[in-house]
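Residue 42 in the working numbering sits at position 42 of the sequence shown, and the numbers go up by one each step. Just so you know, even glycine gets a beta-carbon here, dropped at the ideal spot from N, CA and C. Single-structure report; data block below.
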Amino acid sequence: MSNSPIRKCLFPAAGYGTRFLPATKATPKEMLPILTKPLIQYGVEEAVEAGITTMAVVTGRGKRAIEDHFDISYELEQQIKGTSKEHLLTEIRSLINKCTFSYTRQVEMKGLGHAILTGETLIGNEPFAVILADDLCDHNSSGVLQQMVELYKKHQCSIVAIEEVPKEETYKYGVIDGKEIEDGVFMISDMVEKPDPQDAPSNLAIIGRYILTPDIFGIISETKPGKGGEIQITDALLTQAKQGKVLAYRFKGKRFDCGSVDGFVEATNFFYNKSKG
Ligand code: UTP
């Protein structure tokens, strides 16, 4: 098992997206588009780039649009066949052909850790990747998940992606402490969920990309609710770090917090300019 490749990617997508109300009242946050592509499609493309073709999605009530997006719409295909718009469906059609998608529902929103545990039924006993689609990543060479998969091949342990954030923003993130063992790779010794700046062990914040070994499921199921009364993946990962090792990886690339209006607008402008450039 320890030498298993990363074959599956879990997308926790059950959250309510309250920062985007009313847009997210009947539309999943993950389906909000940056230009013409929904956030979750960018995530699936990043996973495919990392060599993963099995997608596992944790959804909730009101998230049916995600399943429909990764399915063929025969009427639509017929309608635009042979027209100048046919190419607009090429990318999504190719993802549908390449990948399998399976879904399970998180019935109660008890936090990201709980959402990941809900995905166990789709993942089983193997290491897996996690993408939070509202963290949209751009890069010049290889995607963030691909960078992490490469690191996993060497270390065979759980890995979280991190970036430096302004100290006054640590309250939005899980924040790590650790020793840099190679350029941009830290051995985690402590992790705190959403600390106030004065309590933050560093300014290295966890973003929405993880590689997790399957023992995390047992650890999450024993993890008590933490900050905000939610079962936090940060708390479970700290337990895993204390039992063995968990690495943090300062990825190469740029991340946009598309779960916030500011980050969403920034990403839209960035990708628009990139598309013109
Ligand atoms: P967020 O806290 O950013 O998402 O969770 P949210 O709760 O949907 O957004 P706001 O704060 O109300 O605007 C991070 C990720 O974890 C998932 C979310 O879907 C998001 O991708 N999540 C969170 C779950 O799947 N289940 C949960 O119980 C909590």
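Closest by C-alpha distance to Lys8, out of Phe101, Phe251, Ile52 and Thr104, is Ile52.
When the Cα atoms are used, Gly184 and Val160 turn out to be separated by approximately 12 Å. Going by DSSP, Glu67 is part of the alpha helix (DSSP H) stretching over Arg64 to His69. In this structure Asp262 is exposed. Its beta-carbon is surrounded by fewer than 16 other beta-carbon atoms within 10 angstroms.
Note on Pro33: under 16 other CB atoms within 10 angstroms of its CB, so exposed under the neighbour-count rule. With a cut-off of 8 Å on Cβ pairs, the stretch 221-231 is not in contact with the stretch 165-173, counting fewer than three such pairs. Excluding residues up to 5 positions away in sequence, Ile188 lie with their Cβ nearer than 6 Å to the Cβ of Ala241 in the same chain. For Lys153, the enclosing alpha helix (DSSP H) has its first and last residue at Val144 to His155. The Cβ neighbour count for Gly178, taken over all protein chains shown within 10 Å, is at least 16; the residue is labelled buried. For Tyr272, the uninterrupted alpha helix (DSSP H) segment begins and ends at Val261 to Lys276. Within 7 Å of the C-beta of Phe20 there is at least one heavy atom belonging to the ligand UTP. Separation of Ala14 and Glu30 (C-alpha to C-alpha, rounded to the nearest whole angstrom) is 9 Å. Of the heavy atoms belonging to the ligand UTP, at least one sits nearer than 7 Å to the Cβ of Gln106. By the C-beta density criterion, Ala26 is exposed, having fewer than 16 other C-beta atoms within 10 angstroms. Annotated as proximal: Leu136 and Ala267, with beta-carbon spacing under 8 Å. Not one heavy atom of the ligand UTP sits closer than 7 Å to the Cβ of Tyr171.
Listed in chain order, the non-local C-beta contacts of Gly43 below 7 Å within the same chain comprise Phe11, Ile131 and Ala133, local neighbours out to five positions each way being set aside. Distances from the CA of Gly226 to each of Pro197, Glu150, Lys252 and Val192 were compared; the closest alpha carbon is that of Val192. Under the three-state reduction of DSSP, Thr83 is assigned to coil, being neither helix nor strand. Where Leu212 is concerned, the enclosing beta strand (DSSP E) starts and stops at Leu204 to Leu212. In the three-state scheme derived from DSSP, where H, G and I count as helix and E and B as strand, Lys254 is classed as strand. As far as DSSP is concerned, Glu77 takes part in no beta bridge. Rounded to the nearest whole angstrom, the C-alpha separation of Gln232 and Gln78 is 45 Å. For Ala129, the CB stays at least 7 Å from every heavy atom of the ligand UTP. Bounds of any alpha helix (DSSP H) do not take in Asp196, whose DSSP letter is neither H nor E. Two segments are said to touch when three or more pairs of C-beta atoms, one from each, lie closer than 8 Å; by this definition the stretch 151-160 touches the stretch 210-220. With a contact defined as Cβ atoms closer than 8 Å, Glu230 and Gly111 qualify at about 3 Å.
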